[in-house]
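Worksheet: the structure to be examined is printed underneath.
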Amino acid sequence: MSKQNRRSFIKTLGLGTAAATAATYTPFAIGGATKKVVVVGGGMGGAVAAKYIRMMDKSVEVTLIEANKDYYTCFTSNEVLSGKRTLADIKFGYNGLKDHGINVVIDKATGIDADRKKVSTASGRSFAYDRCIVAPGVDFRYEKTPGYNENLANTSLPHAWKAGPQTQMLRDQLTDMKDGGVVAICPPPNPFRCPPGPYERASQIALYLKHNKPKSKIIILDPKPSFSKMGLFTGGWQRHYGYKTDNSMIEWHGTPKGSDDNVISDVDAKTKTVITGFNEVKADVLNIIPAQKAGKIAHVAGLTNDKGWCPVHGDTFESTIHKNIHVIGDAAIASPLPKSGYAANSEGKTVAAAIVALLNGKSAPDPTYVNTCYSVIAPGDGISVAMVYAFKGGKIVKVKGSGGLTPGKFDTKLREREQYYGYSWFDNITNDTFG
Amino acid sequence: MRNTITKSALLATGLLLSVQSLAEPTAEALGYTCAGCHGTNGASTGNAIPSLAGLSEGYLINAMNEYRDDGRLSQIMGRIAKGYTDDQIESMATFFAAQPVHSNINQQFDDAKARKGEKLHKKYCESCHTAGGTDPEDDAGLLSGNAVLFMKYTLADFHDGSRSMPKRMNKMMKKALKKDSNALDNLTNYYGSAK
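Going down the list, the protein sequences come from chains A and B.
Going by this note's numbering, the first sequence opens with residue 1, and the numbers climb by one from there.
Going by this note's numbering, the second sequence opens with residue 1, and the numbers climb by one from there.
Below you can see the structure in the form of C-alpha cells.
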C-alpha cells in the first residue's frame with residue numbers, strides 16, 4: 001500500500017464512523033450509536049436484503065445468521081434432475097456478502113426476543129438488533145400426508161423442495177431406475193413455494209427419461225383442479241412428451257373442487273405406493289412434495305397466524321404481530337405476490353429501503369415490486385410469467401395491464417430465446433443476491 | 001424535461017434517498033426491481049439479457065415506450081413495461097443513465113470472427129455507434145460488451161424485419177452483408193469479445 005493510498009484509506013474510515021471521535025477507527029465500536037440489523041435466513045430474500053441495506057447505507061451494521069454454509073437455489077434445481085446442471089452449478093456461498101461488510105454467522109437461529117430485540121442461536125450466542133428481518137423460507141406439514149415424514153424425506157423419499165442433498169438423491173434415484181419405471185410426483189396443496197415448480201419438475205424429468213428411459217412414465221397426482229402456467233405446460237407436454245396420446249410420458253390427474261380424488265390418504269414407503277381418494281400408484285421413484293408453512297423460526301418467534309404463515313404490512317413487510325421484525329420471502333403473506341425467488345428479491349429490496357429510512361428517522365418510501373419466473377419445458381421451449389405490483393390503498397396490488405404469460409401460440413424463435421433469457425435470469429438473480 | 005433534470009441532479013448528489021414521503025417509488029427503488037434479470041444496477045452478467053447500466057436516458061425511455069406500446073418485438077419486456085407510468089419510466093431511465101457503462105467480459109466468442117467483426121464495425125457501424133458502441137452519448141444503445149445473445153437476436157430481428165431500423169442503418173447493414181455474408185455473426189462475436 002502506498003503512502004497516498006494508506007492516507008485515503010484512513011480518511012475513508014474516519015468518514016465511516018459517524019461519531020468521528022479520534023478514539024477508534026473501528027466502525028462498529030461506538031456503543032449504542034450503531035444502527036443494527038440482524039437478518040435471519042440467507043436465502044433469496046434474506047441475502048439480498050442484507051446486501052442492499054449495505055449498498056444503501058454503509059453505517060448500518062448488518063449480521064446475517066444462516067444455518068448452512070452454502071445455499072442451493074430452489075429455482076433451476078429441476079435442471080439437476082434432468083442432468084442439464086449439476087448440484088455444484090446451483091451452489092452459492094456467502095463470501096460475496098462478506099465483501100459488502102456483512103457479518104455472516106453460520107449458526108442456527110433458535111429464538112427471537114421481540115421485547116428485548118435479540119436473536120439467539122443454537123451455539124448460545126445472542127445478537128441485538130434495532131430491526132430484524134426474518135426470511136426463513138418454508139417448512140413442511142408432514143403430518144398432512146399420512147405415512148410420510150421428515151425421516152423418510154431425508155433417507156428414501158426426498159421431497160427435494162429445498163435444494164441440496166435431497167435434489168441429488170432424487171437425481172440418483174432417477175438414474176438408477178429401470179427403463180419402463182414409474183415416477184410419481186405428488187404436488188402440494190396451495191399455497192406453496194414456487195407454484196410452477198412441480199410441473200417444471202415433471203418436464204425436466206420427462207426430458208431425462210425421453211432420452212434415457214423412453215418406456216418410463218411420470219404420473220402426477222395433484223390435489224388441485226389446475227396449476228400455474230397450466231396451458232403452457234400442457235401445450236409443451238403435447239409437443240415433446242406425447243401428452244394426451246395413449247403413449248404419453250406424462251399423466252396429470254387433478255382433483256375437482258370439493259373432491260379428494262388425488263389427495264393422498266396413505267403412503268406405503270417400503271413399496272413406494274401412494275393411495276389417494278381415487279387412485280393407487282406403485283412407483284419406482286416417489287416424489288411427494290408436502291403441504292407447507294412458514295419456516296420454523298417464524299413459528300418459534302410467534303410471527304405466524306393460525307394458517308402457519310406470517311401476516312405483514314405490505315409496504316414495509318413489518319410483522320403485524322411484532323414491531324421491529326420484518327418477514328419477507330415465502331414465509332410472508334404477500335399475495336398477490338407469489339412465493340417465488342424473484343418476489344423474495346423484490347421484497348428484500350423493499351424491506352432494505354424501508355429499514356434504512358426508518359433507522360434514519362424517515363418514513364419508508366413507496367414500494368414497487370416485480371415478479372418474473374422462467375421454466376424450461378424442453379430445450380428450445382422456455383416459458384415465463386411476469387407481473388408488476390404496486391402498493392395502493394394499504395394493499396399490494398397487480399398493476400393493471402401489466403404482466404402475464406408467454407403467448408400460448410408456439411413460436412420457435414421466441415420460445416428458444418425464452419430459454420436463454422431464463423438462463424440469464426439465473427445468472428443475474430444469483431449474482432444480485434450473493435455477488 | 002425540468003422534472004428529469006431535477007431528478008438527475010438529486011441522484012447524482014445521492015440525495016434522492018433522503019427525500020421524504022415521495023408519492024412515487026424512488027428512481028433507485030424502481031431500478032432495483034430490474035436487477036434480478038438485468039443485473040445489479042443494470043450490469044448484466046448473463047449472455048442473453050442486456051445490460052442497462054450507463055445507457056442514455058433518451059435511449060431507455062424510447063425503448064420502454066416502444067415495449068409498452070407494442071412497437072418493438074418483445075420477449076417479456078412488453079408485459080413488464082405496461083406496468084409503469086411515463087414518470088416512472090423517466091425516473092428509471094435517470095437511475096440507469098447514472099450508472100457506469102458495464103462490459104460483460106466473461107462471454108464466449110470466436111476470435112477470428114471477432115477480428116472480422118471489428119473491421120466491419122469500423123467500416124459500417126462506428127459512425128453512429130461510436131467507440132465500438134460503448135458511448136452512451138450517441139443514444140444508439142450499447143454494443144461492445146453487451147450480452148452477446150441479445151446482440152445476435154437484435155441483429156437478426158433488424159435483418160428479417162421483425163424490428164424496424166433507421167434508413168441509414170438499413171443501408172449500412174445491406175452494405176456490410178454484401179461485403180461479407182457472415183457479417184452479422186462476425187459483428188456479434190466482436191461485440192461479445194470485449195475485454
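Quick reminder that beta carbons are idealized off the backbone N, C-alpha and C, glycines included.
Please decide whether A:G444 counts as near chain B, where near means a Cβ-Cβ distance under 7 Å.
-> No statement about residue 444 of chain A is possible, as the shown extent of chain A runs from 1 to 435 and does not include it.
Rounded to whole angstroms, how far is the Cβ of A:G83 from the Cβ of A:E347, which I believe are closer than 8 Å?
-> Not really, about 33 Å apart at Cβ, beyond 8 Å.
Contact set for B:A97: own chain, Cβ-Cβ below 8 Å, skip 5 residues either direction = S8, G54, L55, S56, E57, L60, P136
Close Cβ partners of A:G408 (< 6 Å) along its chain, the five nearest in sequence each way excluded = G231
Hey, B:Q107 and B:N47: beta-carbon distance below 7 Å or not?
-> yes
Given that B:T134 touches chain A, what residues does it touch there, using C-beta distances under 7 Å?
-> Here the premise fails: no neighbours, minimum Cβ distance about 20 Å.
Residues bridged to A:S319 by DSSP?
-> A:V312
Please check if any C-beta of chain B sits within less than 7 Å of the C-beta of A:N95.
-> no
Can you give, in chain order, each stretch of the beta strand (DSSP E) that sits fully within the stretch 128-156 of chain A and has at least 3 residues?
-> 131-134, 138-140
Chain B contacts made by the stretch 322-355 of chain A, where a contact means CB separation under 7 Å = Y342, N345, S346, K349, A353
In angstroms with no decimal places, state the Cα-to-Cα distance between A:A88 and A:E66.
-> 19 Å
Complete beta strand (DSSP E) runs within the stretch 32-78 of chain A (minimum length 3 residues, chain order) | 35-40, 60-66
Proximity of B:D87 and B:G78 at Cβ, strictly below 7 Å | no
Tell me whether the beta-carbon of A:C186 lies closer than 7 Å to the beta-carbon of A:I325.
-> no
List, in order along the chain, the chain A residues whose C-beta lies closer than 7 Å to that of B:Q75?
-> L414, R417, E418, Y421
Go to B:F95, then tell me how far its alpha helix (DSSP H) extends in each direction, as first and last residue.
-> 86-97
Following the continuous beta strand (DSSP E) through A:L286, name the residue where it begins and the one where it ends.
-> 285-288
In chain order, what residues of the same chain lie with their CB nearer than 8 Å to the CB of A:L97, ignoring the 5 residues before and after it?
-> G42, A47, A50, K51, L64, V104, F434
Counterpart residues of A:G382 in DSSP-defined beta bridges = A:V376
In whole angstroms, what is the alpha-carbon distance linking A:E79 and A:G329?
-> 23 Å
Taking only runs of the alpha helix (DSSP H) that begin and end inside the stretch 112-175 of chain B, which ones reach a length of at least 4 residues, in chain order?
-> 130-133, 148-160
Identify every run of the alpha helix (DSSP H) within the stretch 85-117 of chain A, keeping only runs that are complete inside it and at least 4 residues long; order them along the chain.
-> 95-99
In the DSSP assignment, find the unbroken alpha helix (DSSP H) run with B:D185 in it and report its ends.
-> 183-192
Rounded distance between the beta-carbons of A:N428 and B:H102, thought under 8 Å = The pair is not a contact, with the Cβ atoms about 12 Å apart (cut-off 8 Å).
Cross-chain neighbours of A:A386 in chain B, by beta carbon under 7 Å | I76, R79, I80
One or two residues paired with A:H326 in a DSSP bridge = A:I133, A:E318
Beta bridge counterpart(s) of A:I219 as assigned by DSSP | A:A184, A:E251
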